[in-house]
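**Q** Quick note: the sequence shown uses full-length UniProt numbering, first residue 1, plus one each step. Even for Gly, the Cβ is constructed at its ideal location relative to N, Cα and C. Here the structure is a predicted model, which is why all the values come from computation and not from measurement.
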Amino acid sequence: MVARPEPEVEAMDAELAVPPPGCSHLGSFKVDNWKQNLRAIYQCFVWSGTAEARKRKAKSCVCHVCGIHLNRLHSCLYCVFFGCFTKKHIHDHAKSKRHNLAIDLMYGGIYCFLCQDYIYDKDIEIIAKEEQRKAWKMQGVGEKFSTWEPTKRELELLKHNPKRRKITSNCTIGLRGLINLGNTCFMNCIVQALTHTPLLRDFFLSDRHRCEMQSPSSCLVCEMSSLFQEVSAAAAGVRWLHSCLSPL
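(1) Any contact of the stretch 43-63 with the stretch 127-138, i.e. 3+ C-beta pairs under 8 Å?
(2) Name the two residues that bound the continuous beta strand (DSSP E) containing PHE82.
(3) Go through the UniProt domain "UBP-type" (21-138) residue by residue and report every complete run of the alpha helix (DSSP H) that reaches 4 residues or more, in order.
(4) For the putative contact between HIS99 and HIS93, defined by C-beta atoms under 8 Å, what is the C-beta separation to the nearest angstrom?
(5) Give the C-beta separation of GLY174 and VAL231 to the nearest angstrom, bearing in mind that I take them to be a contact with Cβ-Cβ under 8 Å.
(6) Using a Cβ-Cβ cut-off of 7 Å (strictly less than) and excluding sequence neighbours within five positions of ALA128, which residues of its own chain qualify?
(7) Taking HIS209 as the reference, which of LEU26, LYS122, PHE81, GLN229 has the closest Cα?
(8) First and last residue of the alpha helix (DSSP H) that includes ASP202?
(9) In whole angstroms, what separates the C-alpha of GLU52 from that of ASN180?
(10) Verify whether the separation of the beta carbon atoms of TYR111 and ASP104 is less than 8 Å.
(11) Buried or exposed, going by whether 16 or more other CB atoms sit within 10 Å of the CB of ALA193?
(12) Kindly indicate the opening and closing residues of the alpha helix (DSSP H) around MET224.
(13) Could you tell me the distance, in whole angstroms, from the CA atom of ARG153 to the CA atom of PHE113?
(14) Using alpha carbons as the reference points, say which of CYS76, LYS57, PRO198, VAL191 lies closest to GLU223.
(15) So, is GLY83 buried or exposed, given that buried needs 16 or more other C-beta atoms within 10 angstroms?
(16) Would you decide whether HIS74 is buried or exposed? Buried here means 16 or more other CB atoms lie within 10 Å of its CB.
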């Protein structure tokens, strides 16, 4: 593989995109102890991390009108009422009681009957993700892969470092030539395939690997992380494969 020059670094707008405002009808729900109440709903009726919670969900989560478990069951956020979305029983409850917010018991999304759509709220999203991670940990699943989301510290760093690298359709970032070590062209092919697999590339380049070994130099995944970093580094030119790895 012939090495190609890296693309020029271009300066881009330093302003970060501002997320759209949330639903204005959430104010009536965000009163005293609303976070505690919402966490209880997620723990008992949405994610259900423990065996006891799953039994409770299976027993309790039925439509209070037709008595079935399916049809996109939703729970009212203002009172104890479960209603199916497909047959509009949760809609009828919202209209009669003026309880305009409900939560999807399958995916945890919040539905506003005044907006007639699922809505996004940053505070609720944080609670939902925290409870979901707790449930995964209780079930022994571990944290699932998710796309990178900047923390507050990372957002501050982005604001103070306005220079960006523009990714275009003909971008050559990550195209790194590797010199064969004798009859080891197969090894270079495997390395090239791994370093250009989108899920693996995004995982290692976003520093998602957290080494728990007492001696990181003995961690094979740490070596893979170093390899991904070296292949995607800005310096141009071909490399020996062993030069991309940490010295023993």
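**A** On the basis of the supplied data:
(1) Because the criterion of three Cβ pairs below 8 Å is met, the stretch 43-63 and the stretch 127-138 touch.
(2) Unbroken beta strand (DSSP E) run through PHE82: 82-84.
(3) Listed in chain order, they are 34-41, 51-60, 89-97, 122-138.
(4) 7 Å between Cβ atoms; contact.
(5) Going by Cβ atoms, the distance from GLY174 to VAL231 rounds to 6 Å, so yes, they are a contact pair.
(6) Result list for ALA128: TYR42, GLY108, in chain order.
(7) Nearest Cα to HIS209 within the set LEU26, LYS122, PHE81, GLN229: GLN229.
(8) Under the DSSP assignment, ASP202 falls in the alpha helix (DSSP H) whose first and last residues are 198-205.
(9) When rounded, the distance between both Cα atoms is 57 Å.
(10) Yes, they are a contact pair.
(11) Result: exposed.
(12) From DSSP, the alpha helix (DSSP H) with MET224 extends over 220-231.
(13) Approximately 36 Å between the Cα atoms of the pair.
(14) Taking only the C-alpha atoms, the option nearest GLU223 is VAL191.
(15) Under this definition GLY83 is a buried residue.
(16) With a 10 Å radius around the Cβ and a threshold of 16 neighbouring Cβ atoms, HIS74 comes out buried.
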